[in-house]
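Chains as they are written, first to last, in the numbering used here: chain A, 597 to 826; chain B, 597 to 826. Worksheet: the structure to be examined is printed underneath.
Shown next, in the form of structure tokens:
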């Protein structure tokens, strides 16, 4: 595994551009997760759920401001860093608009979980400073227990909804992959974080294969913790 | 103007119940304002607007946690204190669901403004500790400049929308008054904060008249700062 030299952010403009992309896509992801989870709160059946989701959304906003602060330190406006990712992420959310509260919960856990896994994998290939912030943002699993509890409870009350939610989980993965491919094709610098650049060796095909295997396992584990087939 | 004795929270159970009601209705108002403004963010035309609204929503969440902390100090669960106000506030929001982003902005400024004015008036009749928290929550005008700027800009771009938004402002006031009357009728303790209780003189009719006049003036001033007729 190839880790960039500590001075790579200064010495390697392509690497710096890639890190700005990484922080930008994460920032837009957290900002829209904030909006989405707060809206799920408004659909919540109970006041307790509203409070739990507001706390969760507020954590996403804290991630967003942290990413924005780091970009500002690097001399970049967060608005500018996010701009290239607005369209693919908006499209992902438009194609995967939950039709009810439960679908929103599965999306917040399973959809955001795949994204977080991916960026945690990428964080193995970046400088330690960037790594720390990516791991803090993507390693925050504070949502999990609450959502697992609510989705399992709903399936217990009405076992028929398990089939619909399992299909929904598969659709989330499919849409996420198709938008990720588009981003990878559009943003060369970002892709080179994983596969390497001119002076920077990255993951080889075998490593990428293992990474996809790990992501698939984690996804299956998340679905099954909800009581759903992956 | 009659201010309760510093020990009223301990000595007067009716007064204590009224303060719990006051903090509960404010907490539910801030929690739903949080959800609403975050959802407005998702409808925002630009990334800059999204960021501004996320910051605003996040401030509402901070108010909510502050009110919840104070209720906990008083030995009350915020969930329980909010419960009586869920239905009237949910109905208010259902009857005044904005049909677009601009209506959402006017609601966040004009609708929340009337509510804040009312609670600031009530805060003249409570103990200093309760007063401090009500004034911190309701005196926060951080939203104003951003919203005024955006709504004025929209009217400049398309003057025809001024008529529709002026009507919308009037509807917000009408619905707010009709829900407020219901709350006043259902929650005796809360009403006595203003009009007084057995051992606690409150506002007389002349004072209430002046209060309504001040609220009307503030509302008119807010509408006109948006470029709208009240």
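Glycine included, every Cβ here is placed at the ideal spot set by N, Cα and C.
Taking the DSSP output, what are the residues bridged to residue i?
i	result
residue 797(B)	792(B)
Span of the alpha helix (DSSP H) holding residue i?
i	result
residue 730(B)	724-734
residue 678(A)	674-691
residue 718(A)	708-718
residue 778(A)	757-782
residue 702(B)	697-702
residue 654(A)	643-669
residue 624(A)	609-638
residue 747(A)	740-753
What in chain A is Cβ-close to residue i, meaning under 7 Å?
i	result
residue 630(B)	634 and 650
residue 653(B)	634
residue 751(B)	Neighbours of residue 751(B) on chain A: none; closest Cβ ~25 Å, over 7 Å.
Taking Cβ-Cβ distances shorter than 7 Å, what residues in chain C pair up with residue i?
i	result
residue 691(B)	Considering every chain present, this structure includes no chain C. Its protein chains are A and B.
For my contact list, residue i and residue j are in at a C-beta cut-off of 8 Å; report their separation, rounded to the angstrom.
i	j	result
residue 677(A)	residue 667(A)	5 Å
residue 832(A)	residue 718(A)	Summary: the structure shown does not reach residue 832(A), with chain A confined to residues 597 through 826, and so no result is reported for it.
residue 825(B)	residue 750(B)	Residue 825(B) to residue 750(B), Cβ: 16 Å. No contact.
residue 746(A)	residue 819(A)	In fact, because the Cβ distance is near 15 Å, the residues do not count as touching under 8 Å.
residue 605(B)	residue 615(B)	6 Å
residue 600(B)	residue 611(B)	6 Å
residue 711(B)	residue 772(B)	7 Å
residue 779(A)	residue 660(A)	With 8 Å as the limit, residue 779(A) and residue 660(A) do not qualify as a contact, their Cβ atoms being about 19 Å apart.
residue 635(B)	residue 638(A)	6 Å
residue 790(B)	residue 692(B)	With 8 Å as the limit, residue 790(B) and residue 692(B) do not qualify as a contact, their Cβ atoms being about 24 Å apart.
residue 654(B)	residue 744(B)	At roughly 20 Å, the Cβ-Cβ gap does not stay under 8 Å, so residue 654(B) and residue 744(B) are not in contact.
residue 775(B)	residue 714(B)	No, residue 775(B) and residue 714(B) are not in contact; Cβ-Cβ is about 12 Å, not under 8 Å.
residue 783(B)	residue 617(B)	5 Å
residue 652(A)	residue 729(A)	Wrong, their Cβ atoms sit about 20 Å apart, outside the cutoff.
residue 658(A)	residue 742(A)	No, residue 658(A) and residue 742(A) are not in contact; Cβ-Cβ is about 17 Å, not under 8 Å.
residue 704(A)	residue 739(A)	6 Å
residue 823(B)	residue 758(B)	6 Å
Starting from residue i, find everything on chain B with Cβ-Cβ shorter than 8 Å and list it in chain order.
i	result
residue 638(A)	628, 631, 632 and 635
residue 682(A)	643
residue 679(A)	643
residue 742(A)	Chain B residues near residue 742(A): none, gap ~15 Å exceeds 8 Å.
residue 710(A)	Neighbours of residue 710(A) on chain B: none; closest Cβ ~21 Å, over 8 Å.
Which residues in chain B sit within 7 Å of residue i, going by Cβ to Cβ distance?
i	result
residue 644(A)	675
residue 611(A)	Neighbours of residue 611(A) on chain B: none; closest Cβ ~25 Å, over 7 Å.
residue 714(A)	Chain B residues near residue 714(A): none, gap ~23 Å exceeds 7 Å.
At a CB-CB cut-off below 9 Å, which residues of chain A make contact with residue i?
i	result
residue 836(B)	The shown model of chain B, from 597 to 826, leaves out residue 836(B), and the question about it has no answer.
residue 729(B)	The premise fails here: residue 729(B) is roughly 18 Å from chain A at the closest Cβ pair, so nothing lies under 9 Å.
What residues of chain A sit near residue i, judged by a beta carbon separation below 8 Å?
i	result
residue 688(B)	By Cβ distance, chain A contributes nothing, its closest Cβ being about 13 Å from residue 688(B), past 8 Å.
Please compile the residues from chain B whose C-beta is within a distance smaller than 9 Å of the C-beta of residue i.
i	result
residue 616(A)	Those do not exist, as residue 616(A) stays about 15 Å from chain B at its closest Cβ, beyond 9 Å.
residue 804(A)	Near residue 804(A) there are no residues of chain B at all, since even the closest Cβ is about 32 Å away, more than 9 Å.
- prompt: When the Cβ atoms of the segment 689-708 of chain B are set against those of the segment 787-803 of chain B, are three or more pairs found closer than 8 Å?
  reply: no
- prompt: Do three or more CB pairs link the segment 714-733 of chain B to the segment 643-652 of chain B at distances below 8 Å?
  reply: no
query: Is there contact between the segment 623-631 of chain B and the segment 614-626 of chain A, where contact requires at least three CB pairs shorter than 8 Å?
result: no
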